[in-house]
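**Q** Start counting the sequence shown at 1; every next residue gets the next number (the UniProt record's numbering).
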Amino acid sequence: MAFASSVFIHSIRAKVTSSNYCNFVKWSARSGASWFNRRGLSTATATTAVQNQDSPPWLMLPPEYEDGKLSYKDGMYEFGKRSYKLYSLLDNKVQTPCFDEVIRDLPLTCRGSSHGWLALLGPCNEGFFLYNPISRRHIKLPSIFNLPKLPGDDIERSTISTTWRDVQKLILTCSPDEDEENCRAVMINGFGNMLAFCCPGKSKEWTMIRDEERGHRSYDDCVYSTSRKLLYGLTHLKGLETWDIGDPSSPKLIKVDECTYFPSFEMSLWRLCLPSEYLVVAGEDLLLVVQYIVTSVGPDGSCFHYEDEQPRPDNCRHMTIRFDVFKHDPEKGRYEFVDYSSSLGGFAFFVGLNSHSVAIPAARFPELKPDSIYFTDGYIYGKGPLDGYDSDDDNDEPFDGRDIGIYNYRDKTVSQCYYPWDIVKNNLTAPIWFFPSSTI
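#1: Is M76 buried or exposed, if buried means 16 or more other CB atoms sit within 10 Å of its CB?
#2: Is K383 buried or exposed, if buried means 16 or more other CB atoms sit within 10 Å of its CB?
#3: Roughly how many whole angstroms lie between the Cα atoms of K412 and S343?
#4: Taking 8 Å as the cut-off, decide whether the C-beta atoms of P370 and G346 are in contact.
#5: Is the distance from the Cβ of G112 to the Cβ of L170 below 8 Å?
#6: With a threshold of 6 Å on Cβ separation, who are the neighbours of V290 within its own chain once the five nearest residues in sequence on each side are excluded?
#7: By DSSP, does W206 sit in helix, in strand, or in coil?
#8: Below 8 Å on the Cβ atoms is my guess for V167 versus M187; work out the distance and round it to an integer in Å.
#9: Straight-line CA distance for L86 to R214?
#10: Flag K229 as yes if its beta-carbon sits less than 8 Å from any beta-carbon of chain B, otherwise no.
#11: Starting from L269, trace the alpha helix (DSSP H) in both directions and tell me its first and last residue.
#12: Less than 8 Å separating the beta-carbons of I245 and R184?
#13: Name the residue from G283, Y292, M319 whose alpha carbon lies nearest to the alpha carbon of G298.
#14: Go ahead and label R402 buried or exposed: buried means 16 or more other beta carbons lie within 10 angstroms of its beta carbon, across all protein chains shown.
#15: Using only the alpha-carbon positions, how far apart do Y335 and M267 sit?
#16: So, for L230: in the same chain, excluding its five sequence neighbours on each side, which residues have a beta-carbon less than 8 Å away from its beta-carbon?
#17: Tell me which same chain residues have a C-beta within less than 6 Å of the C-beta of L118, skipping the five on either side of it?
#18: Confirm, please, whether the CB-CB distance from L287 to K327 is below 8 Å.
#19: Are L59 and P436 closer than 8 Å when you measure CB to CB?
#20: Confirm, please, whether the CB-CB distance from S83 to P63 is below 8 Å.
#21: State the CB to CB distance for the pair H115 and S175, rounded to an integer number of angstroms; the pair is presumed to be in contact (CB under 8 Å).
#22: Taking the alpha carbon of I144 as the reference point, which residue from C222, M208, N182 has its own alpha carbon closest?
#23: Kindly provide the ranges of any beta strand (DSSP E) runs that are 3 or more residues long and lie completely inside the segment 161-248, ordered along the chain.
#24: Tell me where the beta strand (DSSP E) around F99 begins and ends.
#25: For residue 465, is the classification buried or exposed, using 16 other Cβ atoms within 10 angstroms of its Cβ as the cut-off for buried?
#26: By a C-beta neighbour count over all protein chains shown, 10 Å radius and 16 as the cutoff for buried, is R39 buried or exposed?
Written out as structure tokens, the structure reads:
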């Protein structure tokens with residue numbers, strides 16, 4: 001069913017005014033022209049390394065190809081040489097780090113961004129490794145084909161379809177540079193969305209995070225609390241599991257809370273949305289952040305149910321319309337809604353696909369907006385960076401990659417992020433948060 005009135009959707013997602021964001025102009029990848037040429041913004045500059053400064057997260061932008069575009073031929077995407085740029089929220093600058101040749105020349109996907117490191121996955125799910133764009137250091141990770149066979153598996157892992165979705169997300173408990181002995185890499189494996197972890201640079205295989213009595217669970221997200229030294233996993237049924245992964249070979253299940261949440265707005269609108277959920281540690285609090293995405297919004301503001309088969313305009317796009325935040329109460333074992341009239345404790349949240357969700361006190365950086373959620377495109381049916389290539393699914397819709405902005409939790413409005421989202425029409429990649437400081 002389509003909702004024809006544009007007032008319907010625009011009353012949910014407030015209009016963006018020019019005072020809320022910087023205006024950007026279109027750029028030419030072929031000529032290498034400046035991305036920004038008005039309002040005093042800095043031009044893109046080439047550097048040999050990104051400055052490792054205490055700064056808020058950067059945006060890792062979609063790659064630029066040497067011929068100005070990614071070519072498509074005979075049902076396959078052709079990858080030429082490309083460069084990657086990082087955009088700083090701190091000073092409105094774009095830098096071009098000097099990536100190694102293997103990263104510039106291979107169709108890699110980024111499956112994680114955490115504590116200053118990127119988790120990169122090679123073609124056919126081979127060549128899984130951590131990469132630090134600042135130090136250019138590599139750390140090899142165990143192959144995902146080395147995952148142990150679990151009871152009930154009816155196929156060999158070597159026969160699993162080699163799509164890019166075989167690793168949904170990877171986070172680090174800390175930077176390997178800061179504490180190599182206690183660093184753990186935790187991934188959500190795409191085959192069943194299982195949790196597994198390893199010691200980067202040391203482990204030969206992944207250790208499954210699984211309780212024998214409870215059996216297999218699917219997970220939508222995970223986060224690690226450095227103060228409590230505990231891993232939290234959000235199950236597909238929205239339950240919350242607490243794990244101790246200090247022992248590299250024997251994870252311990254500490255607690256299970258079988259809880260769920262309900263949206264704060266009318267069900268008629270909620271039914272049009274696909275939610276993306278993120279676990280965030282803010283101070284001593286564990287929060288569940290829910291991003292509500294309407295998957296088909298017409299140019300007039302009308303929206304369609306994502307399973308509706310009726311015709312719709314060709315230029316429909318998906319759009320984030322709202323966020324809900326829930327605080328986990330460990331004593332009651334449930335989520336409690338954080339009312340919009342209250343604040344997020346002065347934090348700025350950063351969430352998005354593949355990124356380690358982070359909460360930063362906005363007072364730490366005057367450029368950040370307190371009680372706001374900085375989000376990147378969370379539409380899971382698109383492709384993810386670096387190149388977002390998927391060789392096995394011909395039915396995916398073109399990925400837009402432009403659903404990015406800043407959500408003010410108090411007044412429920414969305415303003416444009418500084419990223420020049422209008423430089424492309426349909427992008428095969430989405431920007432991803434990168435954290436230059438390992439302490440963030």
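All residues carry an ideal CB built from backbone N, CA and C; glycine is no exception.
**A** By the coordinates alone:
#1: Low confidence applies here, because M76 scores a pLDDT of 46, under 50, leaving its location unreliable; read the following figure in that light. Per the 10 Å Cβ criterion, exposed.
#2: In this predicted model, K383 has a pLDDT of only 41, less than 50, meaning its place in the structure is not dependable; the value taken from the coordinates is given anyway. Under this definition K383 is a buried residue.
#3: 12 Å
#4: yes
#5: Yes, the Cβ-Cβ distance between G112 and L170 is below 8 Å.
#6: P275, E277, D324
#7: coil
#8: 6 Å
#9: 42 Å
#10: Reference to chain B is not applicable here, since this structure consists of a single protein chain.
#11: The continuous alpha helix (DSSP H) containing L269 extends over residues 267-270.
#12: yes
#13: M319
#14: buried
#15: 19 Å
#16: Y224, T242, W243, D244, I254
#17: C110, Y131
#18: Against a cut-off of 8 Å, the Cβ pair of L287 and K327 comes out as a contact.
#19: no
#20: yes
#21: 4 Å
#22: M208
#23: 167-172, 185-189, 194-198, 219-225, 230-235, 240-244
#24: No beta strand (DSSP E) holds F99; DSSP gives it neither H nor E.
#25: Lying before the first or after the last residue shown, residue 465 is absent from the chain, which here runs from 1 to 440.
#26: Model confidence at R39 stands at a pLDDT of 25, short of 50, so the residue's coordinates are unreliable; what they give is reported in the following sentence. When all chains shown are included, R39 counts as exposed.
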